[in-house]
Amino acid sequence: MNIALVKLSSLGDVVHALPVAAALRARLPRAHLAWIVERREAALLTGNGVLDAVVPVDTRGWRRALTPVDLATAGGALSELARALRAARFDVALDLQGLLKSGLLTAATRAPLRIGFAAGLCREFSALFTNRRVTPPATARHVIEQYLALLEPLGVRPAAIEFPLPRDAAAEARVHAFFVGWGVEPRGRLVVLLPGAGRADKRWPADRFIALATRLTAETGAAVLVSWGPGEHETAKAIVDSARGGPMELAPASTIEELIALLRRAAVVVGGDTGPLHLAAALGVQCVGLYGPTAAERNGPWGQVHGALQSPDGTLAGIGVEAVLARVVAALETAPASRPPQGVGSDMEDGAGSRLVSGHPPIAPAPRPPVQ
């Protein structure tokens, strides 16, 4: 059986959809699993040992195409992608995004069975491109549970929630070198702060992060690392420069592979409803999620929703430093004991198992060996 998963972005949403791929692989070990994803998020999937193929697309670039040359380039890429999807002869496609762009790509697979959410649960008329529409049960409160409900037509019910993530030896080594240079034991008493988010209303005020960082170093002795992504460097640097005490440091610019390696070393991660927070939760790191306009019950760090703080007034400004500090201190008290960084040394190997299909040659891999 050839199955296409369509979940394009963003980082946190792709993390939340990972258990779908894990459940399919566990239940259908001989199936060919391909994931269509934005190029920027593809590194999260490549080499995770569950997927057979990762198909990167650039819908962001296509939407920015304005000149005749850009339009011609985008048109050529779309045509090539469509041919590759048709040639893969997918039996099933799952639209986990529920948007027009994902609906169009789901339709482009020409899979006889195209599964998506019911019309009232998706946007931009994307339900028009599916032929089996699912309404998750009322008990599926978290978005991960809602994604997994799309497996019901295939008779797949996961025994456990799993997040298959890649491990990159080179990235682990670079992050290890950063911590060695900083001179901080990167496990046990490291708090990572995430001041950024894709939307302004998901960002806790910078002055609160400054106050939190100052008090954490003074009152807990924890090392504080401020992480940042595209467009967030200035804010992150201002937090490090303005907070008092130490040890405190600004994280280096990181790839997705390096971000995974960095978060693995944290004892606690603090941030709003943003991709790195969900990535940390998927890695089993303790998280203190800060929620205002979005609901922690649906979008909170998986398995740790009880530890998230939901603003009483729907804005992150409604969450005070004292409340966050108390949650972080409690999390530090139960954090795993310090241990050597994982994945650094001769026994560490690059993740393997999925191919990055760039340029869109044939997607279908060689037949899987029989499963004993």
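Letter 147 of the sequence shown, counting from 1, is numbered 449 in the numbering used here, and no numbers are missing.
Built from N, CA and C at the ideal position, the CB exists for glycine as well.
(1) Taking the C-alpha atoms as reference points, what is the distance between Gly616 and Ala598?
(2) According to DSSP, simplified to helix, strand and coil, what is Gly485?
(3) Helix, strand or coil: which one does DSSP assign to Pro638?
(4) Under three-state DSSP, which class holds Arg329?
(5) Go ahead and pull the three-state DSSP assignment for Ala336.
(6) Between Arg600 and the rest of its own chain, which residues show a CB-CB distance below 7 angstroms, the 5 nearest in sequence each way excluded?
(7) If we ignore side chains and look at the alpha-carbon of each, how far apart do Gly463 and Ala325 end up?
(8) What residue range does the beta strand (DSSP E) around Phe419 cover?
(9) What are the boundary residues of the beta strand (DSSP E) that Val293 is part of?
(10) Contact check, Gly574 vs Leu618 under 8 angstroms by CB: the rounded distance?
(11) Quick check on Val308: does DSSP put it in helix, strand or coil?
(12) Who are the near neighbours of Phe392 in its chain, counting only those whose CB is closer than 6 angstroms to its CB and skipping five residues on each side?
(13) Look up Glu551 in the DSSP assignment and say whether it is helix, strand or coil.
(14) Based on the DSSP output, what are the partners of Val357 in its beta bridges?
(15) Using a 10 Å radius around the Cβ and a threshold of 16 neighbouring Cβ atoms, would you call Gly647 buried or exposed?
(16) Considering Cα atoms alone, identify which of Pro507, Ala475, Ser381, Leu396 is closest to Ala336.
(17) Under a Cβ-count criterion, where at least 16 other Cβ atoms within 10 Å of its own Cβ denotes burial, should His478 be classed as buried or exposed?
(18) Compute the distance between the beta-carbons of Ser404 and Val542, then report whether it is under 8 angstroms.
(19) Taking the C-alpha atoms as reference points, what is the distance between Asp470 and Ile562?
(20) Does the beta-carbon distance from Ala499 to Ser529 come in below 8 angstroms?
(21) Taking a contact to mean a Cβ-Cβ separation below 8 angstroms, would you say Glu340 touches Ser311 in this structure?
(22) Please report how far the alpha carbon of Leu496 lies from the alpha carbon of Ala569, in whole angstroms.
(23) Let's see if you can read the secondary structure: which residues bound the alpha helix (DSSP H) around Gly591?
(24) Which of the three DSSP states is assigned to Gly574 in this structure?
Considering the structure as presented:
(1) Computed Cα separation, rounded: 11 angstroms.
(2) Coil at Gly485, not helix or strand.
(3) coil
(4) Assignment of Arg329 by DSSP, reduced to helix, strand and coil, places it in the helix class.
(5) DSSP places Ala336 in strand when its eight states are reduced to three.
(6) Arg443, His444, Val445
(7) A small correction: the amino acid at residue 463 is Ile; Gly does not occupy that position in the sequence shown. If you take the alpha carbons of Ile463 and Ala325, they lie about 8 angstroms apart.
(8) 415 to 419
(9) Residue 293 cannot be examined here, being either before or after the span of the chain that is shown, 303 to 674.
(10) 6 angstroms
(11) strand
(12) Cβ neighbours of Phe392 beyond the five flanking positions: Asn304, Ala306, Thr411, Ala413.
(13) strand
(14) Under DSSP, the beta-bridge partners assigned to Val357 are Ile338.
(15) Interpretation of Gly647 is limited by its pLDDT of 35, a score under 50 that renders its predicted location unreliable; no figure is taken from the coordinates.
(16) Leu396
(17) buried
(18) no
(19) 9 angstroms
(20) no
(21) yes
(22) 14 angstroms
(23) Counting along the chain, Gly591 falls outside any alpha helix (DSSP H), though it belongs to the beta strand (DSSP E) covering 588 to 593.
(24) Note: Gly574 maps to strand in three-state DSSP.
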